[in-house]
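Peer 1:
Protein chains: 2
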Amino acid sequence: MEIQEKIAVRAAAAEQEIEKFLPEQKGYAGTLYEAMNYSVRAGGKRLRPILMASCHRLMGGDGKHLAPCMAAIEMIHTYSLVHDDLPAMDNDMLRRGKPTTHAAYGEAMAILAGDGLLNHAFTILGKELISCDEISMKHVARVIAILSEKAGIDGMIGGQTVDVESEKTGSLITKEKLDYIYEKKTACLLEAAMMCGGALAGATEEQLMELCRIAQKVGLAFQIQDDILDVTGDQEVLGKPIGSDEKNEKATYVTYEGIEKAKEDVSRLSEEACGLLDRLCRKDAAAQEEADFLKELFAYLTVRDH
Amino acid sequence: MEIQEKIAVRAAAAEQEIEKFLPEQKGYAGTLYEAMNYSVRAGGKRLRPILMASCHRLMGGDGKHLAPCMAAIEMIHTYSLVHDDLPAMDNDMLRRGKPTTHAAYGEAMAILAGDGLLNHAFTILGKELISCDEISMKHVARVIAILSEKAGIDGMIGGQTVDVESEKTGSLITKEKLDYIYEKKTACLLEAAMMCGGALAGATEEQLMELCRIAQKVGLAFQIQDDILDVTGDQEVLGKPIGSDEKNEKATYVTYEGIEKAKEDVSRLSEEACGLLDRLCRKDAAAQEEADFLKELFAYLTVRDH
């Protein structure tokens with residue numbers, strides 16, 4: 014099976030689990046539930062739940078409490094897109110070829126649906142938490158601590174803030190701020206996905222830090238590759254216009270490091286992530302299988318042409 | 014001491030605790046932290062943390078893990094105000110005589126600050142959770158479950174959604190929807206405050222349900238009194254124009270029930286809340302003192318002229 018196909022199979026499985034945690038309509042707030050479910054069902058690679066489930070198996074987890082955590086992280090990812098697309102932010106009317114949430118339901122409802130999704134993620138985790146036995150409770154508690162921190166102001170929201178502010182000032186962003194945005198806006202939620210999968214499997218603090226480092230490298234490589242493709246990509250393969258960063262006078266990793274160094278860095282980061290993964294991986298067949306999948310996935314996400 | 018004075022003393026104490034959990038500036042997202050702290054420091058009665066702390070003592074709690082939970086509920090309350098004030102929602106430029114968050118920091122930053130506050134509430138609770146011993150962990154877990162549910166889509170966000178939708182349609186709201194908004198938008202977070210205080214003190218499920226019922230009655234009475242004051246209030250005492258509901262052709266509790274029945278209901282609900290409180294209260298002096306404070310507070314919030 015090609016990696017795209019493997020991802021599609023796992024994405025479909027993840028969607029089936031996530032679907033169970035979508036809110037059921039109650040009371041008079043029907044449009045809110047509709048807008049939330051519309052946003053989550055609008056598609057996407059389901060990368061974060063896939064990473065979470067894979068790292069969970071990699072670390073020997075038995076799947077207990079995994080599904081609600083997969084749903085929670087996908088809802089947090091979705092809310093961040095819904096709010097990012099708002100007129101006051103990126104003002105995007107289309108995402109993956111479909112009307113964005115505010116385009117479909119209006120701005121007020123998109124704000125509320127985003128709030129609803131973020132809050133609902135913690136409602137799902139809170140319900141799971143109080144149904145746990147003592148050992149599981151510690152694992153789910155770790156998930157709540159990790160996910161809330163990585164999605165929060167020192168994580169994803171912080172990165173989004175600096176990104177929004179940089180776009181509004183118009184002046185060239187410094188290399189330090191650029192690194193900050195890549196790390197916080199993209200890598201943090203991948204880190205959370207991999208760490209939460211490990212935490213639910215009872216991984217040690219040290220193992221969680223290793224998973225974090227791996228995700229960080231993958232996230233950074235993914236972002237740099239994005240910048241490279243904007244310069245060298247094939248518009249047909251990419252499905253979007255190239256050269257947009259230069260046109261918008263946007264400083265990127267390529268601006269600061271040059272195209273050759275950028276390409277080298279993507280390869281290096283991707284290899285380093287795979288190396289760390291090998292060192293972390295147990296020697297049994299199930300873990301090896303997950304490690305192989307993850308390495309293919311990392312290669313697909315980093316050294317790519319689309 | 015007058016009740017206003019008692020509230021002010023307790024509010025100052027609550028603010029001191031909340032202040033410790035405000036985010037410290039890190040990285041490059043300085044404006045985000047500023048906007049969040051601005052919103053929380055903008056004032057208010059700190060009613061929810063006060064209710065939480067009081068119910069905690071009422072149920073025999075020793076104050077363990079209380080401060081982070083007080084901070085969390087105030088941050089959730091604050092985020093809801095920040096998002097409510099946005100141009101796409103109520104479009105308010107002033108709150109308590111100060112510029113609203115979007116008026117001071119722009120719309121994008123207000124959306125992010127609101128997201129940041131909601132998320133930060135759960136970061137605070139998540140950090141507290143993993144630092145707990147086993148018994149405390151169960152109590153804090155209950156807090157997370159209660160707070161996320163009452164603040165969420167079947168709670169506060171649901172109420173806000175129906176309120177926003179009703180205002181946009183222009184047609185008169187039904188009595189059922191009006192009840193739904195009062196219950197969800199206002200009462201739910203008061204319920205959470207009182208229940209979480211009890212949960213941290215190790216209250217039983219039954220006791221939590223009683224606290225919930227009390228808060229529900231107080232919240233409803235508070236809302237009805239608001240409607241009454243809009244008809245009969247003294248503009249000077251109230252500090253805002255009266256007759257705005259009639260002017261805006263807004264159906265209220267008074268529209269449906271008439272002014273006399275509405276006044277009766279406020280008294281009845283307030284008395285019922287106090288009755289339930291007496292039945293719940295332990296007989297020791299500390300609990301009695303809290304019960305007395307709560308009864309004064311309920312009277313102040315419901316049968317009031319301002």
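Going down the list, the sequences are from chains Z and R.
Position in the first sequence (from 1) plus 13 gives the number in the numbering used here.
Position in the second sequence (from 1) plus 13 gives the number in the numbering used here.
Where is the CB? At the ideal position from N, CA and C, for every residue including glycine.
Just so we're clear, the structure is a prediction, and the values are computed from it rather than from any experiment.
Compare the Cα-Cα distances from L203 (chain Z) to each of Z:T265, Z:Q17, Z:G232 and Z:K190 and report the closest residue.
Peer 2: The count along the first sequence starts at 1 and reaches residue 203 (chain Z) at position 190. Looking at the Cα atoms, Z:G232 is the closest of the given residues.
Peer 1: Less than 9 Å between the beta carbons of D128 (chain R) and H115 (chain R), yes or no?
Peer 2: For the purposes of this step, residue 128 (chain R) is identified with residue 115 of the second sequence, where counting begins at 1. For the purposes of this step, residue 115 (chain R) is identified with residue 102 of the second sequence, where counting begins at 1. Going by C-beta atoms, D128 (chain R) is not nearer than 9 Å to H115 (chain R).
Peer 1: So, at 8 Å on beta carbons, what are the nonlocal neighbours of K140 (chain R) in its own chain, with the 5 sequence-adjacent residues on each side left out?
Peer 2: Residue numbering aside, residue 140 (chain R) sits at position 127 when the second sequence is read from its first letter. Cβ neighbours of K140 (chain R) beyond the five flanking positions: P81.
Peer 1: Where DSSP assigns a beta bridge to R108 (chain R), which residues make up the other side?
Peer 2: Within the second sequence, residue 108 (chain R) is the residue found at index 95, counting from 1. Note: R108 (chain R) sits in a beta bridge opposite R:K111.
Peer 1: At least one CB of chain Z closer than 9 Å to the CB of Q173 (chain R): is that the case?
Peer 2: Position 160 of the second sequence holds residue 173 (chain R). Judged by the 9 Å Cβ criterion, Q173 (chain R) is in contact with chain Z.
Peer 1: Establish whether the CB of H69 (chain Z) and some CB of chain R are separated by less than 9 Å.
Peer 2: Mapped onto the first sequence, residue 69 (chain Z) falls at position 56. False, the Cβ-Cβ gap to chain R never drops below 9 Å.
Peer 1: Does the stretch 260-273 of chain R come close enough to the stretch 233-244 of chain R to have 3 or more Cβ pairs within less than 8 Å?
Peer 2: Touching, per the Cβ criterion.
Peer 1: Taking the alpha helix (DSSP H) that M83 (chain R) belongs to, which residues open and close that run?
Peer 2: Locating residue 83 (chain R) in the second sequence gives position 70, where the first residue counts as 1. From DSSP, the alpha helix (DSSP H) with M83 (chain R) extends over L79 to D97.
Peer 1: What is the DSSP secondary structure of M122 (chain R), reduced to helix, strand or coil?
Peer 2: Within the second sequence, the letter at position 109 stands for residue 122 (chain R). Note: M122 (chain R) maps to helix in three-state DSSP.
Peer 1: Report yes if the CB atom of I6 (chain Z) is closer than 9 Å to the CB atom of I241 (chain Z), and no otherwise.
Peer 2: The requested residue 6 (chain Z) is not part of the displayed model; chain Z covers only 14 to 319.
Peer 1: Does the count of Cβ pairs from the stretch 145-157 of chain Z and the stretch 173-189 of chain Z closer than 8 Å reach three?
Peer 2: As far as the Cβ criterion goes, the stretch 145-157 of chain Z does not touch the stretch 173-189 of chain Z, which means the pair count is below three.
Peer 1: Compare the beta carbon distance of G210 (chain Z) and M65 (chain Z) with 9 Å and say whether it is the shorter of the two.
Peer 2: One-based indexing of the first sequence puts residue 210 (chain Z) at position 197. One-based indexing of the first sequence puts residue 65 (chain Z) at position 52. Closer than 9 Å, so yes.
Peer 1: Measuring only the C-alpha atoms, how far is E15 (chain Z) from I31 (chain Z)?
Peer 2: Residue 15 (chain Z) sits at position 2 when you count from the first residue of the first sequence. Residue 31 (chain Z) sits at position 18 when you count from the first residue of the first sequence. Using only the alpha carbons, I get a separation of about 24 Å.
Peer 1: Can you list, in chain order, the residues of its chain whose CB lies under 6 Å from that of A300 (chain Z), leaving out five sequence neighbours each side?
Peer 2: Against the first sequence, residue 300 (chain Z) aligns to sequence position 287. Once the five neighbours on either side are set aside, the close Cβ partners of A300 (chain Z) are L71 and C294.
Peer 1: Between the C-alpha atoms of M222 (chain R) and A206 (chain R), what's the straight-line distance to the nearest angstrom?
Peer 2: Counting from one through the second sequence, the residue named residue 222 (chain R) turns up at place 209. Counting from one through the second sequence, the residue named residue 206 (chain R) turns up at place 193. Spanning the two alpha carbons is a distance of roughly 13 Å.
Peer 1: Quick one: using the 10 Å Cβ neighbour count with 16 as the cut-off for buried, is L107 (chain Z) buried or exposed?
Peer 2: Position 94 of the first sequence, counted from the first residue, corresponds to residue 107 (chain Z). Its Cβ having fewer than 16 others within 10 Å, L107 (chain Z) is exposed.
Peer 1: Out of curiosity, what's the CA-to-CA distance linking E178 (chain Z) and T315 (chain Z)?
Peer 2: Residue 178 (chain Z) sits at position 165 when you count from the first residue of the first sequence. Residue 315 (chain Z) sits at position 302 when you count from the first residue of the first sequence. When rounded, the distance between both Cα atoms is 27 Å.
Peer 1: If you pair each beta-carbon of the stretch 140-150 of chain R with each one of the stretch 159-175 of chain R, do three or more pairs fall below 8 Å?
Peer 2: The answer is no - the stretch 159-175 of chain R does not touch the stretch 140-150 of chain R, with fewer than three Cβ pairs under 8 Å.
Peer 1: Report yes if the C-beta distance between I86 (chain Z) and L160 (chain Z) is below 9 Å; otherwise report no.
Peer 2: Here residue 86 (chain Z) refers to the residue found at position 73 of the first sequence. Here residue 160 (chain Z) refers to the residue found at position 147 of the first sequence. Their beta carbons are under 9 Å apart, which means I86 (chain Z) touches L160 (chain Z) by this criterion.
Peer 1: Can you check which of these residues, R:E249, R:K296 and R:A286, is closest to H319 (chain R) by C-alpha distance?
Peer 2: Here residue 319 (chain R) refers to the residue found at position 306 when the second sequence is read from its first residue. Measuring from the Cα of H319 (chain R), the nearest candidate turns out to be R:E249.
Peer 1: Exposed or buried, what is A25 (chain Z) when buried is set at 16 or more other beta-carbons lying within 10 Å of its beta-carbon?
Peer 2: Indexing the first sequence from 1 puts residue 25 (chain Z) at position 12. By the 10 Å Cβ count, A25 (chain Z) comes out exposed.
Peer 1: Output, in chain order, the set of chain R residues within a Cβ distance shorter than 9 Å of Y118 (chain Z).
Peer 2: Working through the first sequence from its first residue, we reach residue 118 (chain Z) at position 105. Within chain R, no residue comes near Y118 (chain Z); the closest Cβ sits about 11 Å away, beyond 9 Å.
Peer 1: Run the CB neighbour count on G165 (chain Z), radius 10 Å, all protein chains shown included, and call it buried at 16 or more, exposed below.
Peer 2: Here residue 165 (chain Z) refers to the residue found at position 152 when the first sequence is read from its first residue. The residue in question, G165 (chain Z), is buried, as its Cβ has 16 or more Cβ neighbours within 10 Å.
Peer 1: Is DSSP giving Q38 (chain R) helix, strand or coil here?
Peer 2: Here residue 38 (chain R) corresponds to residue number 25 of the second sequence, with the count starting at 1. Note: Q38 (chain R) maps to coil in three-state DSSP.
Peer 1: Leaving aside the five residues before and after H90 (chain R) along the sequence, list all residues of the same chain whose C-beta is less than 7 Å from its C-beta, in chain order.
Peer 2: Translated into the one-based positions of the second sequence, residue 90 (chain R) becomes position 77. Within the same chain, H90 (chain R) has close Cβ partners R61 and L202.
Peer 1: Determine, using beta carbons only, whether L130 (chain R) and M88 (chain R) come nearer to each other than 9 Å.
Peer 2: Indexing the second sequence from 1 puts residue 130 (chain R) at position 117. Indexing the second sequence from 1 puts residue 88 (chain R) at position 75. For L130 (chain R) and M88 (chain R), yes; Cβs fall inside 9 Å.
Peer 1: Taking R23 (chain R) as the reference, give the member of R:A126, R:M83 and R:P254 with the closest Cα.
Peer 2: Position 10 of the second sequence, counted from the start, is the residue given in the question as residue 23 (chain R). The shortest C-alpha separation from R23 (chain R) is found at R:M83.
Peer 1: Which ranges would you report for the alpha helix (DSSP H) in the stretch 140-169 of chain R if only whole runs of at least 4 residues count?
Peer 2: If we require 4 residues or more, the alpha helix (DSSP H) runs fully inside the stretch 140-169 of chain R come out as 147-164.
Peer 1: Looking at chain Z, which residues of the stretch 155-186 of chain R have a Cβ within less than 7 Å of any of its Cβ atoms?
Peer 2: Correct list: R155, I157, A158, S161, E162, A164, G165, I166, D167, I170, G171, Q173, T174, V175, V177 and E178.
Peer 1: Considering Cα atoms alone, identify which of R:E219, R:G256, R:A126 and R:G168 is closest to H7 (chain Z).
Peer 2: For residue 7 (chain Z) there is no data in the structure shown, the boundaries of chain Z being 14 and 319.
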